[in-house]
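Here the structure is laid out as structure tokens; the discussion comes afterwards.
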Amino acid sequence: MSAAYVQLLDAAIAHCEALRADGIDSVPVSAETLAGLSAKRPAPMRPAAPKPATPAARPFAFVPASMTTAQEASSPATPVVAPTSTPRPLPASVVSRWGQAARPIVPTVAKVHIPPSQPALPPPLQPAAKDAAMAELRTRALACVQCSHLAGSRQTVVFGVGDIHARLMFIGEAPGADEDQQGEPFVGKAGELLTKMIIAMGLSRSEVYIANILKCRPDTPGQTAVNRKPTSDEMATCIPWLHRQIDIIQPDAMVALGATAVEGLLGGTAGIAKLRGTWQSYRGIPLMPTYHPAYLLQNQAPSEKRKVWEDLMAAMEKLALPINAKQRAYFLPKA
Ligand code: URA
4 MSAAYVQLLD AAIAHCEALR ADGIDSVPVS AETLAGLSAK RPAPMRPAAP KPATPAARPF
64 AFVPASMTTA QEASSPATPV VAPTSTPRPL PASVVSRWGQ AARPIVPTVA KVHIPPSQPA
124 LPPPLQPAAK DAAMAELRTR ALACVQCSHL AGSRQTVVFG VGDIHARLMF IGEAPGADED
184 QQGEPFVGKA GELLTKMIIA MGLSRSEVYI ANILKCRPDT PGQTAVNRKP TSDEMATCIP
244 WLHRQIDIIQ PDAMVALGAT AVEGLLGGTA GIAKLRGTWQ SYRGIPLMPT YHPAYLLQNQ
304 APSEKRKVWE DLMAAMEKLA LPINAKQRAY FLPKA
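When the count follows the working numbering, it moves up by one through the sequence shown with no breaks and lands on 338 for the last residue.
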């Protein structure tokens with residue numbers, strides 16, 4: 004075996020280890036590539052190192068690109084061969100903000116089957132192009148009058164806030180009265196709790212991006228203090244703005260806050276209690292559904308807070324953000 008081949012193999016293995024540390028334990032490989040690799044696989048150069056008995060030691064699988072989760076789950080892992088994706092370099096601004104956690108962004112490999120109704124993401128934009136695209140999108144969204152009843156009742160269009168180069172996005176339902184007044188998502192009581200949650204993750208609001216399914220406050224004629232769920236027509240009309248925001252940002256992970264956010268992003272109305280804590284895929288971007296902070300304001304049981312915190316820790320793990328022992332113990336019953 005040539006030295007160049009060994010070097011390539013080592014690089015491929017290192018790349019797979021990095022993916023696995025990130026919670027990704029399979030990548031799609033075309034059937035032709037797999038067949039070619041099995042035919043050409045050379046005899047092992049060195050005896051396999053003994054594997055420590057830790058969960059991280061599970062084999063990394065390359066799965067045929069057409070395989071769905073169910074098929075994948077029932078298939079034995081295929082031995083490591085070669086990665087199919089090249090890491091994208093991080094913009095300097097992201098490296099400086101995310102410090103140790105920053106690493107080359109690997110184009111997201113969906114372990115979960117992407118339904119055909121989810122169009123592929125466009126090629127990622129360079130940072131300057133992102134700024135221009137988001138500014139242009141914002142200008143158009145702020146002038147939107149497609150839902151004439153909402154355009155007539157709103158104080159502001161609540162477009163989104165945070166870093167458009169962020170690796171993590173939070174998606175909520177729709178602006179409430181405070182957000183409508185201030186033109187910024189999650190600034191009311193639920194927003195204060197979301198901000199605390201973000202800080203508990205070791206981040207700040209300015210390091211993530213926060214947006215809603217609906218950009219206008221759902222109107223509640225004669226009842227200024229009451230919020231209502233967006234209708235499906237309102238969601239269908241407004242969702243292209245969010246799709247485009249995600250096209251531009253292309254975060255490494257997203258957190259959907261509550262059932263409406265999940266419904267807006269993935270369609271369907273599977274209960275949030277069932278979905279939360281389980282990774283979903285929005286056009287290849289890992290999406291973690293969790294409870295809306297407003298739910299936690301209603302139900303302050305530590306067990307419910309813990310569920311949300313576990314979902315947020317899963318997002319931290321996905322992004323390779325550090326989690327210390329104190330953070331791991333949040334909302335656990337005291338021994
Ligand atoms: N609830 C949401 O879902 N979004 C907001 O912006 C505020 C409250």
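Yeah, the Cβ is synthetic: ideal placement off N, Cα and C, and Gly gets one too. In this text the structure is predicted, and so the values were computed from the model without any measurement.
- The C-beta distance from A136 to L128 rounds to 6 Å, short enough to fall under 8 Å.
- Distance from the C-beta of F189 to the nearest heavy atom of ligand 1 is below 7 Å.
- For F173, DSSP records a beta bridge to I213, V258.
- Taking a cut-off of 8 Å for Cβ pairs, the segment 231-240 and the segment 276-291 do not touch, as fewer than three such pairs fall below it.
- Distances taken from the Cβ of E176 to the heavy atoms of ligand 1 include one shorter than 7 Å.
- Between the alpha carbons of A259 and A132 lies a distance of about 26 Å.
- One Cα belongs to Q330, the other to A203, and the distance between them is close to 8 Å.
- The three-state secondary structure of S207, taken from DSSP, is coil.
- Taking 8 Å as the cut-off, the Cβ atoms of C241 and V160 do not count as close.
- Taking the Cβ of G179 as the reference point, at least one heavy atom of ligand 1 falls within a distance shorter than 7 Å.
- In this structure, E182 has its CB closer than 7 Å to one or more heavy atoms of ligand 1.
- For H246, the distance from the CB to the nearest heavy atom of ligand 1 is not below 7 Å.
- Closest in alpha carbon position to L217, among H152, W244, S209, F334, is W244.
- Counting only runs that start and end inside the segment 222-291, the alpha helix (DSSP H) elements of at least 4 residues fall at 235-252, 262-269, 275-278.
- The closest heavy atom of ligand 1 lies less than 7 Å from the beta carbon of G194.
- Collapsing the DSSP output to three states places V311 in a helix.
- Q184 sits close to Q158, with the two beta carbons spaced by under 8 Å.
- According to the DSSP assignment, H152 belongs to the alpha helix (DSSP H) that extends over 151-156.
- Taken from the Cβ of A228, every heavy atom of ligand 1 lies 7 Å or farther away.
- Distance from the CA of K337 to the CA of P305, rounded to the nearest whole angstrom, comes to 11 Å.
- Judged by their CB atoms, M257 and M172 are nearer to each other than the 8 Å cut-off.
- Here the segment 161-181 makes contact with the segment 204-214; the two share three or more CB pairs at distances below 8 Å.
- The three-state reading of DSSP puts G194 in helix, counting H, G and I together.
- Each residue's CA atom was taken as its position, placing I252 and K199 some 23 Å apart.
- Taking C-beta atoms as the reference points, P296 and K321 fail to come closer than 8 Å.
- Out of L335, G163, A264, Q301, the CA that lies nearest to the CA of E313 is found in L335.
- Residue state for T159 is assigned as coil, using DSSP reduced to three classes.
- Non-local C-beta neighbours of L196 in its own chain, meaning closer than 7 Å and more than five positions away in sequence, comprise P296, L299, L300, ordered along the chain.
- Nearest to L206 by C-alpha distance, out of D166, C150, R247, K310, is D166.
- Judged by DSSP secondary structure, R141 falls within the alpha helix (DSSP H) whose first and last residues are 130-145.
- When DSSP reads this structure, V164 sits in a beta bridge with I213.
- If you draw a straight line from the Cα of P188 to the Cα of E182, it comes to about 5 Å.
- Taking the Cα positions, P325 is about 29 Å away from D134.
- About 5 Å separates the CB atoms of V265 and P292; that is less than 8 Å, so the two are in contact.
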